[in-house]
Structures are given as C-alpha cells and as structure tokens.
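Report on the following structure.
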Amino acid sequence: MTPAHFEDLRSQLSFPDSLVFRVTSEYEKYFSDATTYSGKPAAILFARVKEDVQAAVKFCQKNKIPLVPRGAGTGLSGGCVASSDSLLLSTELINHIIVNKPTATAIVGPGAITKTLQDEAAKVGLTYPPDPASFRESTLGGNVAEGAGGLRCRRFGVTKDYVLGLEAVLADGSLLRTGVLGNGSGFGLEDLLQASEGTLGIITEIAFRLIPIPTRGATILVAFDHPTKAAQTVADITAQGIIPTVLEFLDGDAAACSNEYEKNEGLDDAAAILLLETAGQDTTKEIVQIREICERNRCNYLRGETDPERAESLWNVRRNLSKAIKASAAIRISEDVAVPNTQFPVLVDFVAKMNLASPLRINAFGHAGDGNLHVNFLSSSGSETDKELIEQGILTLMKKTVELGGTLTGEHGIGLAKRAYLPLEFDPATLRAMRGIKQVFDPFNILNPGKLLPK
0 MTPAHFEDLR SQLSFPDSLV FRVTSEYEKY FSDATTYSGK PAAILFARVK EDVQAAVKFC
60 QKNKIPLVPR GAGTGLSGGC VASSDSLLLS TELINHIIVN KPTATAIVGP GAITKTLQDE
120 AAKVGLTYPP DPASFRESTL GGNVAEGAGG LRCRRFGVTK DYVLGLEAVL ADGSLLRTGV
180 LGNGSGFGLE DLLQASEGTL GIITEIAFRL IPIPTRGATI LVAFDHPTKA AQTVADITAQ
240 GIIPTVLEFL DGDAAACSNE YEKNEGLDDA AAILLLETAG QDTTKEIVQI REICERNRCN
300 YLRGETDPER AESLWNVRRN LSKAIKASAA IRISEDVAVP NTQFPVLVDF VAKMNLASPL
360 RINAFGHAGD GNLHVNFLSS SGSETDKELI EQGILTLMKK TVELGGTLTG EHGIGLAKRA
420 YLPLEFDPAT LRAMRGIKQV FDPFNILNPG KLLPK
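Residue numbers in the sequence shown follow numbering that gives the first Met the number 0, run continuously in steps of one, and reach 454 at the last position.
Okay, structure coming up:
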C-alpha cells in the first residue's frame, strides 16, 4: 500500500483519523490471535460505522488489496491473522447494543463483547445464553463469523441458534440484510454467512434472540481416577435423558494446569474431572441421578455447590483453563474436534493413549455434553522436532475424529490452522461447492483470502 492508497482511503472514511498509517510495535497485539500464527498487515483501519467498512471494501476491491476482518483476536484458528500486503479491518469500535424487552431481541454491532450483551439483557430480565470461555473478551461478530459454541451449549445451543438476522458488507461494498434485519423470505443467507470466517462478507450488525433468565441449578465437580470413567459418565448422563445446563470435561493434566493457575479443592491428583450445572428444574432429583451415575463409574470425589458465589469459583476452573494451559508450555496448539456423544469415551481414551506414546504433553478438555473435545499439543522447548511431532499428532487426531463420525472443528473454525485437513472430512464435490459459493460472493478473492478453504 502506497501513500497515495492511504490518502485515497482516508478521503472516503466517515472518520478519517480512524486509519492507522504505519503499523508499528504499538499495534503488535493486532498481528496475531490466540494461536501461534502471526502476520503484520500493511495498515489497520478501526472502523467506527458501517460506512467505513463499505469504504474499506470498495477500496480493497478497486486496488486488489486483501482485506482481513478482526474482532477481539481471541480466536484459535488463525482466522483473523493478516498477510503483509493486507488491510486489517477492526470492527471493535462498532459495538452498539440495543435490547428490546417486548420482542426479546437485541440489535448489536460486531464489536460488542459477549458478556456486555449478557449484562445488558439481564437488566430487563433476559439473557443471551451462548457463553464461550472467552466471553469476557470475545466479540459477537467474531462469535458469529467463527461459529462459536460455549459452556452452556448442551442445553441452550450455540451462537447460530440465536441469530435472527445479519447485516454484512459484500465484496462490492453493497449491504446485505438477512432475516429480521432484511426480508425474511427467500434464501436463508444468514446461514451461509455464519461460520464463513469473513470470507463471504464483513458483518456490521446482528439481530439476536434472547430468552428469559433461566433458574440456575447446582454446580457439581466430580473427580475420577481415569479419564475414560469420566467420559463414560458423560455418555451415561446423556443416555439417561439428563440435559445439564453445562457439562464440561477436563483430563488430569488439564486439571493440574488449572489447579496450578488457581488452587481449587478436588483437583489434586485427579486423572479427570467433570464440571456440571443442573438445569434448575427439579434440581434435587437431577442431582441424585447424576450422583448415582458418577458413583456407578467409581468417582473418587464429588462436591456440589448451590451458593452462586462459591459455584462461580468452581467455574473459574474451566474459564481460566485456556490461559492456564498456555502458560504451562512454550508452544500450545489447541484443536477442537467433536464426535457423537456415544463416541466421546472412545475419543478420550484415544487421546490418553496418544499422550502416553508421545514425547509431547497432550491434554484435553471440552464441552463434553456436546461431544466437543479440545485437544492441546504442548511443547516445553518449542524446538523444530517438537513442531514436527505436533503436526503428526494433529493429523492422527483428525483422522481418528473423522473415523468416529466427527468433525474437525466444534466451534473454533478452520482459518489457517485446519484448512489443510478439510479434505479428510469433505469430498471433492462438497469442496467444489464451497469454492463456488466463495466465487459468487467474492469473485476477486479480496475478503480474508487463504482462510477456511484448502489451497
């Protein structure tokens, strides 16, 4: 990008001072996300209104400059990492939130923070249930673009289950409005834009469905002496028709990382733990049923909390876990595979055996109620040998996941990290259809090029 390019773009912006001309160390946090991928863009634009986004897209289309959208940078796929010749478009300042109590809906900007929406909805007796572990930092636009899940996904669903409509800037700079933000008839184009990782359009507004605040049940922490016993407990709870609000799994190494980061009773020497929150309806009966299943699978520790403050301290075990594991190694690569619930014990056992056979540390945690397992490959040295072992381990994990009828990503997206593995899950005809959709929406390959689809 030349000085003339900068002046051309500045002249089209609603707020010309939004454009950062020189990308310096002051903006280094914008070079990467929560992965090991990094890229220094030619410039960063902090859009303040959707018209800025339109101007940026038209400018990039005209000059054939790649445009990379970004929210809070909490992603785990490399989806918002820029290339050296690109314009990085941050939507974090488009963060309005308008809650409508009578219709139980919210209209929000892509830069609005997940927890902020939850807090605003709570003021009128409503809630937005999806809650990714990064809910205090992650933006709602990023959640939609990456197809985010969350701890409460088993009972309440994931981000896509609450989207009523989207507004997005297309590759020619025009605005697309779908669902309740546009005309509700015709193709459900919001479904295409969700989890498309900014490759089809740049989201500028979202309409969400809200629900009444549900009754909160008891929080239960259960420890086991073997990870497969914990995984089997998950399968047994599901088979009995119990749907906890939250059902999370941590293997022993992940539990140890959490315990080192923030000390909690019940985590010492556990080979695996489950964290559950009951649904709040007939809680006593549900607690008894869960306890019976846990004891049948020979748990060695069980603690229940109904006091909200003490219960929240237990949830910090899970919410701080990603940071805790990252702090324990020089390199951490996290993969979020998902399998049918009946195959969850098989996958957990497979990962445990991988860990025993590998020179690397491999641990796992995840949204067990949804069959979603986050497998972490950890290197203490960061050596090239370890990096090669990580790549081999990831390929082995991906092949096993597909073999078990699973998917390569449960909620983190494909981005840069997993695009090479996509042919394991999708046949050539499906990949051709995906590329065809990309060609229709973005014929000049301007929007987040090189992400999602394999080369």
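Ideal Cβ positions, reconstructed from N, Cα and C, are used throughout, including at glycine.
Under DSSP, D171 forms no beta bridge with any residue.
Cβ-Cβ distances below 7 Å link I43 to V19, V22, Y26, Y29, L87, S89 in the same chain, with the five nearest sequence neighbours on each side left out; the list follows chain order.
DSSP places D160 in no alpha helix (DSSP H); its state is neither H nor E.
Linking V48 to I93 through their CA atoms gives a straight-line distance of about 6 Å. With fewer than 16 other Cβ atoms inside 10 Å of its own Cβ, I210 counts as exposed. The beta carbons of L274 and L249 sit closer together than 9 Å. When beta bridges are read from the DSSP output, L249 appears opposite I272, F364.
In this structure, G365 lies away from D385, with their beta-carbon atoms at least 9 Å apart. The beta carbon of I330 lies closer than 6 Å to those of S378, G381 in the same chain, with the five residues before and after it left out.
By the neighbour-count criterion, in which 16 or more other beta carbons inside 10 Å mark a residue as buried, T429 falls on the exposed side. Residue I242 holds the alpha-carbon nearest to the alpha-carbon of R154 among I219, L355, I242. Taken atom to atom, the span from the alpha-carbon of I436 to that of F425 is near 15 Å.
The beta carbon of Y260 is closer than 6 Å to those of N319, A323 in its chain, skipping five residues each way along the sequence.
Bounds of the alpha helix (DSSP H) holding S321 are 320 to 325. Here A222 is actually not in contact with G303; their C-beta atoms are around 13 Å apart, not less than 8 Å. Relative to V67, the option among G197, L150, A103 whose CA is nearest is G197. The beta carbons of G140 and I205 sit about 7 Å from each other, so the pair counts as a contact at 8 Å.
V107 sits in a strand when the DSSP states are folded into three classes. N142 carries a helical assignment under DSSP once its states are collapsed to helix, strand and coil. For D51, the enclosing alpha helix (DSSP H) begins and ends at 49 to 62.
DSSP places H95 in the coil class of the three-state scheme, outside both helix and strand. When only Cα atoms are considered, K100 and P213 end up about 16 Å apart. Sixteen is the threshold: since fewer than 16 other Cβ atoms of the shown chains lie within 10 Å of the Cβ of Q438, the residue is exposed. Here S76 is not near D130, since their CB atoms are 9 Å or more apart. Between V179 and G164 a beta carbon distance of about 4 Å is seen, short of the 8 Å cut, so the two are scored as contacting. The C-beta separation of T158 from A147 comes to about 5 Å, placing the pair in contact by the 8 Å criterion. Exclusion of the five residues before and after A121 leaves I212 as the residues of its chain whose Cβ lies within less than 8 Å of its Cβ.
Per DSSP, A416 is not a residue of any beta strand (DSSP E), being assigned neither H nor E. For the pair A81 and G149, the CB atoms are not nearer than the 9 Å cut-off.
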